[in-house]
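In this note's numbering, the protein residues as written are 61 to 232. Worksheet: one structure, shown below.
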């Protein structure tokens, strides 16, 4: 019961939440952290096997860069942009290695304080929904808080305060 009381205080019942699915992982994120959501499916690559990789993206550990409303959006993995219990998500558990980019047609751009933005590709996005006391289901084996919504459990995550800290290269 102590965990549930802590979770209620921590999540503030008046907040609206947004549900995201990336492969087998399900995340619930405070709607106030979301700037924009849009549908942008990727088509299958057509005979570009010999194309050179984008070395700047590989160097910075950025999955891809898109332009939305005239500004760059750096698409990162969930382990780079989300945290749980004030710690970044474990990349070994929350990476996208087994998920093809074509299975992630939605782009979620997170709130930020600069012209360029950070976002993540997801397979499904739904919400918003209000958190109720019945929605808080406790936590996972490692103590991470979960929310029950729509008959499924969602890991409650937050946007990481400093996205650039998780990138390689010259981040200042």
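We put the beta carbon where it would ideally sit given N, CA and C, even for glycine.
Proximity of residue i and residue j at Cβ, strictly below 8 Å
i	j	result
residue 217	residue 135	no
residue 215	residue 204	yes
residue 155	residue 143	no
residue 187	residue 77	yes
residue 162	residue 91	no
residue 165	residue 100	yes
residue 233	residue 159	Because the chain here runs from 61 to 232, residue 233 falls outside it and cannot be looked at.
Three-state class that DSSP yields for residue i in the structure shown
i	result
residue 179	strand
residue 85	strand
residue 187	strand
residue 206	strand
residue 220	coil
residue 162	helix
residue 170	strand
residue 91	helix
residue 138	helix
residue 151	helix
Beta-carbon contacts of residue i that lie in its chain and below 6 Å, excluding the five residues immediately before and after
i	result
residue 169	95, 96, 133, 177 and 179
residue 184	81
residue 126	133
Sequence-distant residues of the same chain with beta carbon closer than 8 Å to residue i, five excluded per side
i	result
residue 86	79, 80, 212, 213, 214 and 215
Beta-carbon proximity list for residue i, same chain, < 7 Å, skipping 5 on both sides
i	result
residue 141	170, 178, 180, 219, 220 and 223
residue 110	Residue confidence is low: residue 110 scores 45 on pLDDT, short of 50, so the model does not pin down where it sits. Its coordinate-derived value is still stated next. Same-chain partners within the cutoff: there are none.
residue 98	167
residue 190	76
residue 139	148, 149, 150, 151, 154 and 155
residue 182	80, 81, 82, 164, 166 and 168
So, do the stretch 147-156 and the stretch 126-135 have three or more beta carbon pairs nearer to each other than 8 Å?
-> no
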